[in-house]
Amino acid sequence: MNEKTEKDGTGKLQNSADIAKTADSTAATCAQTSADAAADRVSRTIPAAAGRRLGAATALYALLYTICLYRNTSGITYPFFVAGTLYYSYYCTAKCRVPSDRDSLQKKLIRALPYGAAEFLLGISVFLTADLKIHLMTKGMLFGLTLLWTLLLFCNTENWGLGDFIRNGWKGLFGTFSYLDTPFSDVAAALKAEEKQKENGKGHYILIGLVIGIPLLMVVAALLLSADAVFASLVSRFFGELAWSDFITVFLMLVLVYLFAYGFIRGLLTKSLTGKRRECLGEPLAAITVLSLLTTIYAVFCTIQIVYLFLRAGTLPEQMTWAQYARQGFFQLLAVCVINLAVVAVCLFGFRKNRALQILLTAVCAMTYVLIASSAWRMYLYIRQYSLTFLRLMVLWALLVMAVIFVGTMIAVWKRDFELLRFWLIAVAFLYLIPAFGRPDYWIASYNVSREANTQESVMDSQDDDDALPTAADYSYLRGLSADAAPVLIGRKDLTGDAVPWMHAYEEDQRSETKNLGIRNFNLSLWQAKRRLSQG
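If you read the sequence shown in numbering that gives the first Met the number 0, its first letter stands for residue 0, the second for the next number, and so on.
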């Protein structure tokens with residue numbers, strides 16, 4: 000008991016050796032933390048020249064974003080915004096990445112081109128339609144394609160699987176928040192580098208001019224708008240009516256877009272997003288057992304579809320007509336098709352190659368086509384009986400996508416090096432161009448109005464004729480269609496009875512939608528509706 004002791008903060012006795020060990024451990028932890036922080040700062044830095052290029056490109060992109068999209072979600076400027084987004088990502092990876100590998104970038108660009116082409120075409124489709132449902136789906140698709148385009152340019156994705164794309168896309172997006180400070184730190188680093196090297200760089204003077212000039216420009220513009228009616232009218236034709244609050248909102252949009260775009264690209268420039276091809280090591284016997292059970296029940300079900308649905312050669316249960324039998328089950332069959340796709344994908348990516356497994360997978364794919372045909376036929380009969388809606392039309396589109404996707408899937412069953420994920424993504428992107436450019440509301444209105452004019456004609460069995468008669472809900476649905484349906488619904492003289500007030504209400508809705516149509520927010524569908532209204 001010769002060692003000195005003293006009380007710690009809790010009142011317990013500690014000897015001097017324990018205190019020394021604790022101090023050493025604390026010092027080591029602090030040193031490691033400092034080293035990690037220093038390493039993180041080094042990993043987050045980019046050369047001053049790359050920072051200047053990124054800053055200038057991001058400033059121009061934020062300006063383009065604001066001009067194209069401020070209070071304008073479906074105007075003619077949307078394709079310019081999409082084209083600018085594609086070029087911004089390409090410019091940043093070509094000019095700001097160090098080192099810049101031209102050969103590697105060219106290969107990446109070739110792999111990314113199909114997605115970029117689909118994205119640009121979707122950008123064009125936005126101003127051709129006024130359908131908010133299509134706009135929502137298209138912008139979701141554009142967001143996914145933009146993220147995919149950027150990852151393909153910045154990362155080596157040849158060996159990535161679906162999980163790698165999802166994980167790295169998530170990391171890239173949410174990692175942006177940890178890089179929101181980099182616009183300021185990069186400017187400070189660039190100024191320090193210029194001062195240290197005693198360069199005559201003048202880039203920071205341009206930045207200072209922009210920081211001072213943009214708010215000043217907005218204040219002067221607001222005063223000029225209120226001073227001269229002709230100038231205000233000219234500006235309003237392009238931007239719409241502007242108030243003081245609009246200038247504040249525009250400034251905030253510029254700042255936020257700049258910060259998030261800069262942070263996102265900076266994260267991709269400094270983070271290492273990787274993925275690797277995983278070997279298929281699963282025991283095929285387990286998959287063979289599952290597929291054997293599925294193919295058995297599918298064989299029975301597909302036989303019933305052919306005999307009862309397509310040939311109508313069997314005997315139905317009592318109190319059920321052929322019309323009732325045919326008009327049910329399409330959603331369930333679509334769900335089964337999705338399940339089959341997931342099962343086949345798991346077998347392809349998770350289990351070793353096996354001839355019996357390949358045969359069973361081919362059988363599942365082939366019988367899935369029978370399910371797709373059954374679902375499509377049932378939906379067709381249902382539409383004939385109960386009219387066409389957006390959801391029913393999209394079910395048919397989803398079945399078409401399934402039919403195309405399973406073509407590539409069957410190829411991958413027998414050729415394991417086939418790039419199945421790439422085939423799926425390209426197929427979905429380009430098949431979505433059908434509803435994006437197809438203006439579904441036009442075809443819905445055309446079919447339903449034509450059907451309403453022929454309500455006395457039997458669609459299916461005679462005992463179901465009453466179901467085919469138009470109801471108030473049918474007319475209400477037509478009124479809720481977008482301006483895409485205007486060429487069909489506006490100015491019709493052949494509609495009578497309950498349809499007339501609904502059509503008048505639709506015309507009033509379109510007058511309200513088209514009254515503020517200008518240059519920047521020009522939309523082809525709204526313009527056609529406005530012209531149709533003016534023709535009376």
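C-beta: ideal position from N, C-alpha, C; glycine also.
Start and end residues, alpha helix (DSSP H) containing ASN339: 329-349
Buried or exposed: ILE264, going by 16 or more other Cβ atoms within 10 Å of its Cβ? buried
Residues in the same chain with beta-carbon distance under 7 Å from LYS94, minus the five sequence neighbours each way, listed in chain order, please. ARG52
Could you check what DSSP says for GLY74 in three-state terms: helix, strand or coil? coil
Can we say the stretch 426-437 touches the stretch 401-417, given the rule of at least three CB pairs closer than 8 Å? yes
Among LEU223, LEU356, PHE329 and LYS270, which has the Cα closest to the Cα of ALA286? LEU356
Pick out whichever of GLY517, THR65 and LYS106 has its Cα sitting closest to the Cα of TYR257. THR65
Residues of its chain near ALA187, where Cβ-Cβ distance is below 6 Å and the 5 sequence neighbours each way are ignored: none
To the nearest angstrom, how far is the alpha carbon of THR551 from that of VAL219? Outside the shown range of the chain (0 to 535) lies residue 551, about which nothing can therefore be said.
Run through the stretch 347-394 for me and flag every whole alpha helix (DSSP H) of 4 or more residues, listed as ranges in chain order. 354-385
In chain order, what residues of the same chain lie with their CB nearer than 8 Å to the CB of GLY407, ignoring the 5 residues before and after it? PHE417, LEU419, PHE422, TRP423 and ALA426
Report all residues from its chain with a CB closer than 8 Å to the CB of ARG530; omit the five preceding and five following residues, and keep chain order. none
Which same chain residues end up closer than 7 Å to ASN71 when comparing Cβ atoms and leaving out the 5 residues on each side of it in sequence? ARG519 and ASN520
Please work out which residues of its chain come closer than 6 Å, Cβ to Cβ, to LEU85, disregarding the five sequence neighbours upstream and downstream, and give them in chain order. GLY115
Would you say GLY262 and THR156 are within 8 Å of each other, going by their C-beta atoms? no
Roughly how many whole angstroms lie between the Cα atoms of LEU566 and LEU293? This structure gives no information on residue 566, because the portion of the chain shown stretches from 0 to 535.
Please state whether the Cβ-Cβ distance between SER124 and THR137 is less than 8 Å. yes
Quick one: using the 10 Å Cβ neighbour count with 16 as the cut-off for buried, is PRO500 buried or exposed? exposed
Here's the rule: buried if 16 or more other CB atoms are within 10 angstroms of the residue's CB, otherwise exposed. What is ALA226? exposed
Have a look at PHE389, ARG96, LEU59 and VAL343 and flag the residue whose alpha-carbon is nearest the alpha-carbon of ASP440. PHE389
By how many angstroms is the C-alpha of TRP526 removed from the C-alpha of THR513? 7 Å
Let me make sure I understand the geometry here. Which of PRO46, VAL345 and SER445 has the alpha-carbon closest to that of SER184? PRO46
Taking 7 Å as the limit between beta carbons, can you name the residues of its chain near GLN304, skipping five residues before and five after? VAL369 and SER373
Endpoints, alpha helix (DSSP H) assigned at GLU451: 439-451
By a C-beta neighbour count over all protein chains shown, 10 Å radius and 16 as the cutoff for buried, is VAL299 buried or exposed? exposed
Is PRO78 closer than 8 Å to GLY122 when the C-beta atoms are compared? yes
Decide if ALA334 is buried, meaning its Cβ has at least 16 other Cβ atoms within 10 Å, or exposed. exposed
Cβ-Cβ separation, CYS336 to ILE371 (assumed contact under 8 Å), whole Å: 6 Å
Please give me, in chain order, every unbroken run of the alpha helix (DSSP H) with length at least 4 that falls completely inside the stretch 124-179. 131-153 and 161-173
Kindly list the residues whose CB is nearer than 7 Å to the CB of THR175, restricted to its own chain and excluding five residues on each side of it in sequence; keep chain order. PHE259, GLY262, PHE263 and GLY266
Less than 6 Å between C-beta atoms, sequence neighbours within five positions excluded: which residues of the same chain meet that for ALA34? With a pLDDT of 44 at ALA34, under the threshold of 50, the predicted position of this residue should be treated as unreliable, though the coordinate-derived value follows. Same-chain partners within the cutoff: there are none.
Have a look at GLY168 and LEU147 and give me their C-alpha separation to the nearest angstrom. 8 Å
Check whether the Cβ atoms of LEU172 and VAL81 sit closer than 8 Å, and answer yes or no. no
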